[in-house]
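All remarks here apply to the structure that follows.
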Ligand SMILES: *Cc1c(COP(=O)(O)O)cnc(C)c1O
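In the working numbering, the protein residues as written are 4 to 434.
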C-alpha cells in the first residue's frame, strides 16, 4: 500500500473500508466540546450501542422472574458462561470448550499458576519479560512467596539489549534454552502493554515445551487486537481481560484458555468452587469436588450476569466480522499512522517510535517516546480533543482500533501532534 499524506487520501481509505459501518455500532466520547479522536481502545474499549439493551434485558428478567430467571430468563443465568464461548474461541483460536469467561485477569493468572506452576526442588523458575504489567509482576512475586520461595531467585526477566526498546525473539528462545534444566513456567504478555510488541507465541511455546516447562500468555493487549491460534500453537493456558480491545466495559468479566490436552487431567491441582463442579451434580451439593471437563472446570463462582451481558453485546459485534478482516484494516490504520509520524519527524528529533517497525511484530498500538516536554505535549494534544494514554516517564500510547477508528482520525491526529509539538517548542526552553 502506497500511503499519501493528505486528507483526501484518508477519506478515500475510509470510503473503501469494508468495516466502515461498524463505527456506528459504538458510542464515541466527546472531548474539548467535540467528538473525540479516541485512540485509547487499548486501555478501555468503547461502549457498543447494544450494551444498554443487553443489560436492560437482564434487569427486566430479574424484575419479572426473580430467582426463576436462572432457568427462565431469555438467556438463562445458569448457563450464561456458555453463551460467550463460541465468539471467544474464535478470537483466541480455540475450541469453545477450551475457553471460559470468568473473574478478572489477575485472579485468573493466580488460578492458572495454581495448576501450571508446580515448582520442584530442581525445576522452579518462571521466565517472563522485564517490565511486565505491574499486576502480573505482583501476581508472580506474591504467588512465589505464598509457596515459601524467594522471587529474586525464581523469576528470570528477559530484557531488551542495550540501546534497544523491544526484546528479540532469539534472546527469549536463548534464555529458555539456557534455563532448560530449572525452568518450570514461561509467562509472556502476548502484546506487551508498554511497547506494543507482539511476541512470537508459536516459537516461545515450542521452546518452553522443549525445555520441559509449561507456557502461558497474558493476552490483555492481544485478544481482539491480533489473530491468535492458541490451540494450534499448543499454548498451555492464557488469561485476558475484556475491557480493552473487547469493549466489554470497565471492570468487565475476564477470560481463560486451557488447552484441550489438559481438559480431563483432573490430577492437575486447582482451586475449586461449585461452578467448576460437574454441572449434572452441581446442585446435589455433595461432598467431593468433581471438575467439569475443559476450561469450565476452573470456574469458582456463579456467573456475574450484568458484566456477562455487556460482554455478550460486545462479542456479538466481533461475530459480524473476523479477526483476519480486522487485522487487515488494523495493519493499514497503524501503518498509515506510522507513515504520517515519519513524514513529520523523519530524523526523530521530536519522538521515536519504540514499537517494532515490523507490522508482524505489533498490534494496533504505537508507543511514542517523546524526547522533550513529553507531559506538556500530551496535555496539549488532549486539549485538542484527542483521548490517548500517557505512561511515565515520557511515552504516549496510541491505538487506532479497526472496529471504530478511521483513517481520517489518524490524519487529524498527526496534525494535532504536529501543532502541539511546534507550539510547545516555541513556548518552552530546551531542557
Ligand atoms: C490491563 C492489564 C491487566 C489488568 O489486570 P486486571 O486484573 O484486569 O485488573 C493485567 N495485565 C496486563 C498485561 C494488562 O495489560
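Where a beta carbon is used, it is the ideal one built from N, C-alpha and C, also for glycine.
Just so you know, these numbers come straight off a predicted model, no measurement behind them.
Worksheet entry | Complete runs of the alpha helix (DSSP H) confined to the stretch 368-416 [at least 4 residues] | 377-386
Worksheet item: If you pair each beta-carbon of the stretch 167-179 with each one of the stretch 140-154, do three or more pairs fall below 8 angstroms?
Response: no
Discussion item. Taking 7 angstroms as the cut-off, is the beta-carbon of residue 113 closer than that to any non-hydrogen atom of ligand 1?
Written reply: no
Discussion item. For ligand 1, is there any heavy atom lying closer than 7 angstroms to the beta carbon of residue 173?
Written reply: no
Worksheet item: DSSP on residue 235, reduced to helix/strand/coil?
Response: coil
Worksheet item: residue 92 to residue 318, Cα distance in whole Å?
Response: 11 angstroms
Fill in: Within 7 angstroms of ligand 1: residues by beta-carbon to any heavy atom
107, 108, 109, 110, 135, 136, 138, 139, 192, 196, 221, 223, 224, 244, 247, 257
Discussion item. Is the separation between the beta-carbon of residue 83 and that of residue 306 shorter than 8 angstroms?
Written reply: yes
Discussion item. For residue 16, which residues in the same chain have their Cβ closer than 6 angstroms to its Cβ, ignoring the five residues on either side in sequence?
Written reply: 410
Discussion item. Just verifying my parser: in three-state terms, what is the DSSP assignment at residue 269?
Written reply: coil
Fill in: Whole alpha helix (DSSP H) elements within the stretch 86-113, 4-residue minimum
88-95
Item to complete: Please report the residue range of the alpha helix (DSSP H) in which residue 160 lies.
Response: Residue 160 -> not in any alpha helix (DSSP H); beta strand (DSSP E) instead, spanning 158-161.
Item to complete: Compute the Euclidean distance between the alpha carbons of residue 101 and residue 50, then round it to the nearest angstrom.
Response: 27 angstroms
Worksheet item: What residue ranges within the stretch 300-380 form continuous beta strand (DSSP E) runs of no fewer than 3 residues, ordered along the chain?
Response: 354-356, 369-373
Discussion item. Could you pull the DSSP bridge partners for residue 223 from this structure?
Written reply: Note: residue 223 sits in no beta bridge, so no partner.
Discussion item. Output needed for residue 3: all residues of its chain with C-beta closer than 7 angstroms, excluding positions within five of it in sequence on either side, in chain order.
Written reply: As shown, the chain starts at 4 and ends at 434. That puts residue 3 outside it, with no answer to give.
Fill in: Inter-residue Cα distance where the pair is residue 258 and residue 431
46 angstroms
Worksheet item: Should residue 320 be labelled buried (16 or more other beta-carbon atoms within 10 Å of its own) or exposed?
Response: buried
Worksheet item: Does the Cβ of residue 77 have 16 or more other Cβ atoms within 10 Å, making it buried, or fewer, making it exposed?
Response: exposed
Item to complete: Look up residue 71 in the DSSP assignment and say whether it is helix, strand or coil.
Response: helix
Worksheet entry | Residue-chain proximity (residue 227, chain C), Cβ-Cβ < 8 angstroms | In the displayed structure, chain C is absent; only one protein chain is listed.
Worksheet item: How far does the beta strand (DSSP E) with residue 181 in it reach, from first residue to last?
Response: Not the beta strand (DSSP E): residue 181 falls in the alpha helix (DSSP H), residues 172-181.
Item to complete: Please name the residue, chosen from 357, 364, 380, 36, that lies closest to residue 166 on a Cα-to-Cα basis.
Response: 357
Discussion item. Do residue 234 and residue 87 have their beta-carbon atoms positioned less than 8 angstroms apart in this structure?
Written reply: no
Item to complete: Look up residue 184 in the DSSP assignment and say whether it is helix, strand or coil.
Response: coil
Practice prompt. Can you give me the Cβ contacts of residue 325 inside the same chain, cut-off strictly under 8 angstroms, excluding the 5 residues immediately before and after it?
Written response: 93
Worksheet item: Just curious, the alpha helix (DSSP H) that residue 208 is in, first and last residue?
Response: 204-213
Practice prompt. Could you tell me if residue 361 is buried or exposed, where buried requires 16 or more neighbouring beta carbons within 10 angstroms of its beta carbon?
Written response: exposed
Item to complete: Would you identify the three-state DSSP class for residue 1, choosing helix, strand or coil?
Response: Look at the range of the chain in this structure, 4 to 434, and you will see that residue 1 is not part of it.
Practice prompt. Check the C-beta distance from residue 169 over to residue 198 and give it rounded, since I have them as a contact under 8 angstroms.
Written response: 5 angstroms
Discussion item. Considering only the alpha carbon of each residue, which of 265, 7, 209 lies closest to residue 297?
Written reply: 265
Fill in: Nearest-angstrom Cβ-Cβ length linking residue 30 and residue 5, presumed shorter than 8 angstroms
Not really, about 34 angstroms apart at Cβ, beyond 8 angstroms.
Worksheet item: When you compare each of 28, 427, 347, 289 to residue 415 by their alpha carbons, which one comes out closest?
Response: 347
Item to complete: Kindly indicate which residue of 302, 299, 251, 284 has the alpha-carbon position closest to the one of residue 309.
Response: 251
Practice prompt. May I have the straight-line CA-CA distance separating residue 113 from residue 44, to the nearest angstrom?
Written response: 26 angstroms
Worksheet item: In its own chain, which residues sit with a C-beta less than 7 angstroms from the C-beta of residue 183, not counting the 5 before and 5 after it?
Response: 214, 215
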